[in-house]
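Quick note on numbering: the sequence shown equals residues -24 to -1, 1 to 337 in mature numbering (1 follows the signal peptide of the UniProt record, and there is no 0). Heads up, the beta-carbon is just placed ideally off N, CA and C, and yes, glycines get one too. For clarity, every value in this text was computed on a predicted model and none was experimentally measured. In what follows, a single structure is set out as structure tokens and then discussed.
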Amino acid sequence: MDSLTLSGSIFFIIISLLSHSTHSLCTTTPLIFNFGDSNSDTGGLVAGLGYSVTSPYGRTFFSRSTGRLSDGRLLIDFLCQSVKSSFLPAYLESLGSTFSNGANFAVVGSSTLPKFVPFALNVQVMQFLHFKSRSSDLIASGSKAMINDDGFKRALYMIDIGQNDLSDAFAKKYSYANVIKRIPLVLAEIKNAIKSIHDNGGRKFWVHNTGPLGCLPQKLWFVQPSSRALDPHGCISTYNSAAKLFNEGLRHLCTKLRSELKDSTIVYVDIYTIKYDLIANASKYGFANPLMACCGFGGPPFNYNINVTCGHGGAQACNQGSQFVNWDGIHFTEAANSIMASKILSQQYSTPRVPFDFFCH
Ligand SMILES: *[C@@H]1O[C@H](CO)[C@@H](O)[C@H](O)[C@H]1NC(C)=O
Ligand SMILES: *[C@@H]1O[C@H](CO)[C@@H](O)[C@H](O)[C@H]1NC(C)=O
């Protein structure tokens, strides 16, 4: 690391500390409901399907596997911490969960389409509606600990989905034109989800766009793109173009919903720009090779092999996850997630620019 990079990193750390310190002033108990895929699954897959996620997942922060697909905390964990909330329990985790701060419906692998299969976005929303009606029933029969209608109204509803819809379409070898054709259908599902939550009292929404799919080591390994298929930072151009088109549509959808649902706040967060900056300017953040997984098999350039994935026999993890953006070929490291959270908390990537804790005042 040269001195310029080092001073850049120190500057960044100071900015991060400043922005963190201004984000803990909730006056009401923060309540969060989250919908999504592996980017925000805090244990849903493991609880829901009995699937096991083993060491070295979780090694950096939890010192055990929690079902999160990272070496430590996810973006959503850092966001919960910023409002002094406990980590969000997976909705499907029946033992030990009180759901007093909300619930996380996100499950690894989820997409918006097809609907009505575990755990598509519309299924996650149906689970939420069940959760809400059970809470009302229990309150009616005397329970004091459940979230009431006022709680559901002031809660934050977070959505982070779409990556698997794009990824699945590319994996099925759809032409680029056919991948793009699916985008409006995916956006329609996100719209349905927000409207359905709104119909049921939700008023505060936090919508993440999707990251640069073409920069994931797993995709680079599968596609083995020729150099002319790569963008200036070594990512697959078509995959990133599709992600950007999806994001344009999502931004537009949020604008439209803001004018339709005037009693609501709908915040659109540009995750793509944050992640792409981490990759393009990796050294500035102290990361070495942003297109290589820390945990996997095969070594450079991607350290990924479908037959020997992280957590399975033969895979190896790097010594210092903090030098990697990517953990397992698909998901980000705790170090990268932490920087992402600081950037989100800066409000710079949000439309409209409201502090993350706007919902707990
Ligand atoms: C890399 O960092 C520079 C300086 O902060 C910034 O202007 C540029 O947009 C970044 N590149 C990407 C691709 O985000
Ligand atoms: C993965 O395993 C399959 C089935 O054993 C084999 O056909 C394939 O060549 C392997 N791929 C790699 C990259 O090792």
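- Comparing C-alpha distances from A82 to each of G12, L21 and R329 shows the shortest one belongs to G12.
- Taking 7 Å as the cut-off, one finds no heavy atom of ligand 1 near enough to the beta carbon of Y133.
- V301 and Q324 have their C-alpha atoms spaced approximately 21 Å apart.
- When the alpha-carbon of A164 is set against those of A147, S151, I137 and N176, the nearest one is in I137.
- The nearest non-hydrogen atom of ligand 2 is 7 Å or more from the C-beta of I115.
- In terms of side-chain proximity, the C-beta atom of N283 is found nearer than 7 Å to a non-hydrogen atom of ligand 2.
- Remark: C-beta atoms of G178 and Y133 approach each other more closely than 8 Å.
- Shown here, Q103 sits in a helix according to DSSP, grouped into three states.
- Between N168 and the set A96, T5, N77 and E310, the nearest pair of CA atoms involves A96.
- DSSP places F11 in the strand class (E or B) of the three-state scheme.
- Residue pairing by DSSP places L206 opposite I212 in a beta bridge.
- In this structure, A312 sits near L254, with a CB-CB distance shorter than 8 Å.
- If you draw a straight line from the Cα of P188 to the Cα of D125, it is about 38 Å long.
- Within the DSSP secondary-structure output, H337 pairs in no beta bridge.
- Taking a contact to require three or more Cβ pairs closer than 8 Å, the stretch 4 to 23 and the stretch 31 to 50 qualify as touching.
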